[in-house]
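Position in the sequence shown counted from 1, then plus 65, gives you the numbering used here. We treat Cβ as the ideally placed atom computed from N, Cα and C, and that holds for glycine.
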Amino acid sequence: MGFIVKSQQSYKYLACQVIAPNLHTITKTDANMPNAAKCDSKTMVIASQVGRIGQRIGALLATVFTIVMNVGALLLDENLVAPAKDNTRQVKIIRSWITLVTYSFGVWCARITLILSIVRVIPTFFTLRKISEVAAVCFFLMGMSLFIPSIYFCVSDRSWYDWPEVVCPLSGNPKLAISQLIMSLLGEATLVIIPLRLFCQIGLASDKRRMLAIMFSATLITMVISILHAVFLVASAWNLAAFAVEVQMSTALIVANLAILTPYIYRLVKHEGDFDSEPCTHYRSFEPDGVFRMRRVSDLAPDVRLTDTTRLSTLSTGHNASDPAISTCAVALSRSNGE
């Protein structure tokens, strides 16, 4: 290769010239990834930015709901705020409603953040990424489908206001309790299966594998806590159920924020993007062990530089210019140079 690469934009061109034909060949034999040779960087980056915004909003909401739940439980302690008997009852009712609302929203916001964090690790042309994006939408729908019936059930029968332990008996509605248990387990199972699939299908860098391992381990913990929480509710063990809520929310909150902070710190240290923020600077390599490994285009020619932009366009027209993968990358490169 007799040319010199000076910027990351040139790596995009190198990706299209050197890697795109190979990806095109792989695509002919891989029906599951028909778009593997496409390098429309602008579309990919826009999708990446949308995912990042959703991830941060989910983590922010999970944090807010957790703070409200804990601060509300602290400030509404009946022994500190309302020593009178009548006021104590009202305080317990308010605290129960705060816990119900914040837990219902907070735990699903944390799950959405986790699934969006996993999405960012998956290359854009993998079908598993599309499945994960659909799963994020399903998490939102499942959370709302559980929250609305729970609120209706607690409002329609307020006899629990007079109970010694002022807690809405969601276990009194078997269909609602079973639905809550099934959807919680389904959500946690999704957060376990997708990382496992990633470990088997893609050869990730060690740092990304560690991040996936952390999220995978934390999901297993929250899954166990979800099961225990459901068991405690059915057994009417309200104190243990409240403790399970605190542990589950805290664990989900920590992992949701780590999923954002870890890639951010990595980019600060490495001073480079990943295959989600800079998709056309990476290519897919099929390894002999049967996995796909994401590699940087810059690793192909670390000492090669490109200074002649006119030669770049000449090479673009002379090297299989009819290949849609190369033409797509050339358009993306020309747009980025124009900006």
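Three-state secondary structure assigned by DSSP to Cys233: Under the three-state reduction of DSSP, Cys233 is assigned to coil, being neither helix nor strand.
Ala302 (DSSP reduced to helix, strand or coil): Note: Ala302 maps to coil in three-state DSSP.
C-alpha gap between Gly208 and Ile330, whole angstroms: Cα to Cα, the separation comes out at about 31 Å.
Buried or exposed (CB count within 10 angstroms, at least 16 for buried), Pro188: Looking at its Cβ environment, which holds 16 or more other Cβ atoms inside 10 Å, Pro188 is buried.
Buried/exposed call for Arg117, threshold 16 Cβ in 10 Å: By the neighbour-count rule (16 or more Cβ atoms within 10 Å), Arg117 is buried.
Cβ pair count under 8 Å reaching 3, the segment 178–198 against the segment 223–243: Because the criterion of three Cβ pairs below 8 Å is not met, the segment 178–198 and the segment 223–243 do not touch.
Range of the contiguous alpha helix (DSSP H) that encloses Thr189: No alpha helix (DSSP H) holds Thr189; DSSP gives it neither H nor E.
Local conformation of Trp225 per DSSP, three classes: Trp225 falls in the helix class under three-state DSSP.
Sequence-distant residues of its chain with Cβ nearer than 8 Å to Arg194 (five each side left out): Excluding sequence neighbours, Arg194 sits near Val184, Ile187 and Pro188.
Helix, strand or coil at Asn238 [DSSP, three-state]: Residue state, collapsed to three classes: coil.
When Arg154, Leu181 and Ser169 are compared against Leu323, the one with the closest alpha-carbon: Nearest of Arg154, Leu181 and Ser169 to Leu323, Cα basis: Leu181.
Straight-line Cα distance separating Ala200 from Leu318: Going by the C-alpha atoms only, they are around 19 Å apart.
CB-CB length for Met314 against Thr128, believed under 8 Å: Under the criterion of beta carbons closer than 8 Å, Met314 and Thr128 do not qualify as touching, at roughly 10 Å.
Close Cβ partners of Phe170 (< 8 Å) along its chain, the five nearest in sequence each way excluded: Cβ neighbours of Phe170 beyond the five flanking positions: Leu126, Phe130, Gly208 and Phe212.
Alpha carbon of Cys203 to alpha carbon of Leu298, nearest angstrom: Each residue's alpha carbon lies about 25 Å from the other.
Among Glu311, Thr316 and Ile325, the one whose alpha carbon lies nearest that of Thr164: Among Glu311, Thr316 and Ile325, the Cα nearest to that of Thr164 belongs to Glu311.
Per-residue burial, Arg275 [other beta carbons within 10 Å of its own, 16 or more giving buried]: Arg275 should be labelled exposed.
Straight-line Cα distance separating Ile290 from Leu246: Their backbone Cα atoms lie some 12 Å apart in a straight line.
Exposed unless 16 or more other CB atoms sit within 10 angstroms - verdict on Lys157: Buried, because 16 or more other Cβ atoms sit within 10 Å of the Cβ of Lys157.
Exposure of Pro229, with buried meaning 16 or more beta-carbon neighbours within 10 Å: Pro229 should be labelled exposed.
Rounded straight-line distance, which links the Cα of Thr178 to that of Leu261: Leu261 and Thr178 have their C-alpha atoms some 18 Å from each other.
Test: Thr128 CB closer than 9 Å to a CB of chain C: Chain labels in this structure do not include chain C; a single protein chain is all it has.
Burial state of Asp320, where buried means 16 or more other Cβ atoms lie within 10 Å: According to the sequence provided, residue 320 is Val. The question's Asp does not apply to it. By the 10 Å Cβ count, Val320 comes out buried.
Beta-carbon proximity of Leu250 to Met288, cut-off 9 Å: A Cβ-Cβ contact shorter than 9 Å links Leu250 with Met288.
Residue burial classification, Ser282 (beta-carbon count within 10 angstroms, cutoff 16): By the neighbour-count definition (other C-beta atoms within 10 Å, threshold 16), Ser282 is an exposed residue.
Beta carbon of Ala254 nearer than 9 Å to that of Ala175: The answer is no: Cβ separation not under 9 Å.
Chain-order list of residues whose beta-carbon lies under 6 Å from that of Ala295 (same chain, five-residue window excluded): If you ignore the 5 residues before and after Ala295, its C-beta comes within less than 6 Å of the C-beta of Leu246, all in its own chain and listed in chain order.
Residue of Leu293, Gly119 and Ile325 minimising C-alpha distance to Ala205: Position check: residue 205 holds Phe in this sequence, whereas Ala was assumed. Nearest option by C-alpha distance: Gly119.
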